[in-house]
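Visitor: Can you keep this structure in mind? I'll have questions shortly.
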Amino acid sequence: MIRSAQERGYADGYRTSYPAGHHRGWCDALLSWHASKTHPVRDVHLLYVTTGMGVPYAPIDEAVVDTLSRMVARLTVCRPTDDVPGVAFQEKPHGMLVLNGMNLETAKVARVKEMGIRTAVWMTDDPYYSDVTGLFAVHYDHVFTLELSCVPFYRELGCPSVHHLPFANDFRIFRPRPEDPAKRVDVLFIGSGYWNRIRFFDRIAPYLATKNVMIAGWWWDRLANYHLLAGKIRLGQWMTPAETAEHYASAKIVINLHRAPDDDSYNRNNRRLPALSVNPRTFEIAGSGALQLTDVRMDLQNHYAPGQEIVTYESPEDLIGKIEYYLAREDERLAIIRRGLKRTLREHTYEKRLDALLQVLFA
Amino acid sequence: MTMLKRRKPQNRGTRTAAGKKSKPAAAGRKRGAKKPAPAGAAAARKYSEVYNRAYDAGYDQGFNDGYAKGLEDGALDAQT
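Given below as structure tokens:
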């Protein structure tokens with residue numbers, strides 16, 4: 001009997017942990033491969049103007065600065081409130097890249113252009129604030145937008161060079177990592193309670209109340225069913241990217257639900273430009289080693305193969321069905337995570353994005 | 364008079380369609396989780412101790428073997 005206990009216990013333990021070990025090893029190998037890749041350094045001097053804002057933009061600024069510093073021979077960084085033309089006059093960069101652009105006066109952009117310096121802006125929030133971005137986009141030589149529907153919009157405004165350029169994953173932060181037992185949940189959503197999200201989560205609240213779930217962000221007390229989920233909601237908590245990444249990596253399923261382009265309570269999009277493209281968190285969740293269940297945006301299939309590298313849902317009922325399905329099928333869950341991670345490492349990095357941007361800027 | 368409350372039975376399983384009680388649903392056991400000992404005999408406790416110790420050893424070895432194989436597979440996968 002003792003021998004039987006020994007053999008059975010060992011076999012059960014081995015069988016339980018092997019897939020998790022394999023998954024971790026596989027992810028680490030892919031990350032090592034990615035880290036070993038080097039990019040040629042362009043012999044150019046770039047002036048980068050940050051958003052000049054805090055969260056959630058500062059981490060994007062950091063990712064762009066870190067990446068550019070490895071991709072160009074010289075990088076000068078300043079804030080939109082600085083004397084940008086003065087810096088440009090003194091440093092004489094070959095080009096200037098501005099992130100977001102809302103805080104940089106157009107007169108400053110014009111003065112930099114007068115010096116013969118190529119200018120580019122990368123819009124961060126399209127199409128939600130198109131009433132504002134439409135006012136200053138025309139002052140740049142090149143406009144990059146993460147939203148497909150904004151490409152014709154800026155062209156119609158007279159911008160000579162407009163390109164679709166989504167954000168990406170910053171693998172310094174969002175990467176597979178060992179689970180934190182204190183953060184382990186089956187289902188996770190991190191983000192603000194915009195009204196379309198409130199309506200959606202109110203419908204699935206009775207189901208989520210029965211699950212090991214965590215929701216974190218602002219405004220979730222607007223849920224009619226808040227009482228059902230109160231113990232699972234971290235209300236008003238703004239997580240840093242590092243904290244968010246730890247939670248993603250410790251969750252079996254992370255829900256992604258894009259905000260609505262026609263929510264007038266927060267947006268400034270009177271032209272009602274549609275939202276066709278994916279949000280930055282699409283790439284961040286995929287890079288973190290969690291299974292992502294996302295609502296569908298038209299552009300999604302250009303980045304990930306639904307059902308293979310990411311899972312999509314069409315309705316609250318569909319989401320519930322897929323949560324149940326993948327929580328019960330660990331092998332399938334891990335396989336989709338691995339394919340999504342691989343695609344993200346290959347195609348959705350800031351190195352890839354900025355390489356494309358620099359090609360345009362210095363063509 | 365003070366009424367003594369009866370303790371609620373813990374996780375005794377559910378009744379099957381035939382009216383018999385089924386075993387409680389088996390939860391996925393993680394490293395360090397103890398297999399419940401069969402009621403009664405010292406032999407059962409011994410069995411449980413040996414099982415749990417072996418389970419932990421198997422868990423560690425399984426993870427390490429899986430990790431090594433995952434590194435190999437991942438390195439190959441990265442090339443394709």
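Residue numbers (the working numbering), protein chains in the order written: chain X, 1 to 363; chain S, 364 to 443.
The beta carbon of each residue, even a glycine, is placed where N, CA and C say it ideally should be.
Strictly under 7 Å for the Cβ-Cβ distance: is X:Ala335 near chain S by that measure?
Guide: no
Visitor: Check each residue of the segment 19-39 of chain X: if its Cβ is closer than 9 Å to any Cβ of chain S, include it; give the result in chain order.
Guide: Pro19, Ala20, Gly21, His22, His23, Arg24, Gly25, Trp26, Cys27, Asp28, Ala29, Leu30, Leu31, Ser32, Trp33, His34
Visitor: With a threshold of 16 other CB atoms inside 10 Å of the CB of X:Glu284, please say whether the residue is buried or exposed.
Guide: Under this definition X:Glu284 is a buried residue.
Visitor: Would you kindly report the start and end of the unbroken alpha helix (DSSP H) that includes X:Lys342?
Guide: 330-347
Visitor: Our contact map puts X:Gly52 next to X:Pro80 with C-beta atoms below 8 Å; I'd like the distance itself, whole angstroms only.
Guide: 4 Å
Visitor: Does X:Gln6 come within less than 7 Å of chain S when only Cβ atoms are used?
Guide: yes
Visitor: Using a threshold of 7 Å, state whether the C-beta atoms of X:Asp66 and X:Thr50 are closer than that.
Guide: Contact flag unset, no.
Visitor: Report the three-state DSSP secondary structure of X:Thr282 (helix, strand or coil).
Guide: helix
Visitor: So, with DSSP's three-state summary, where would you put X:Trp33?
Guide: helix
Visitor: Whole alpha helix (DSSP H) runs in the segment 86-151 of chain X with 4 or more residues, listed along the chain?
Guide: 106-114, 130-136
Visitor: Between the segment 272-283 of chain X and the segment 119-139 of chain X, do three or more beta carbon pairs fall short of 8 Å?
Guide: yes
Visitor: Quick one: what's X:Leu223 bridged to in DSSP?
Guide: In the DSSP assignment, X:Leu223 is bridged to no other residue.
Visitor: Short of 6 Å in beta carbon distance, which residues of its chain neighbour X:Pro59, apart from the five on each side in sequence? Order them along the chain.
Guide: So the qualifying residues of the chain are Pro241.
Visitor: Please classify X:Pro152: is it buried, with 16 or more other beta-carbons within 10 angstroms of its beta-carbon, or exposed?
Guide: exposed
Visitor: Tell me which residues share the same chain as X:Asp202 and place their Cβ nearer than 6 Å to its Cβ, disregarding the 5 neighbours each side in the sequence.
Guide: Leu223, Ala224, Asn225
Visitor: Would you mind reading off the limits of the beta strand (DSSP E) that contains X:Lys183?
Guide: No beta strand (DSSP E) contains X:Lys183, which DSSP labels as neither H nor E.
Visitor: Short of 6 Å in beta carbon distance, which residues of its chain neighbour X:Ile233, apart from the five on each side in sequence? Order them along the chain.
Guide: Ile215, Trp220
Visitor: Given a cut-off of 7 Å on the beta-carbon distance, is the pair X:Val360 and X:His22 in contact?
Guide: no
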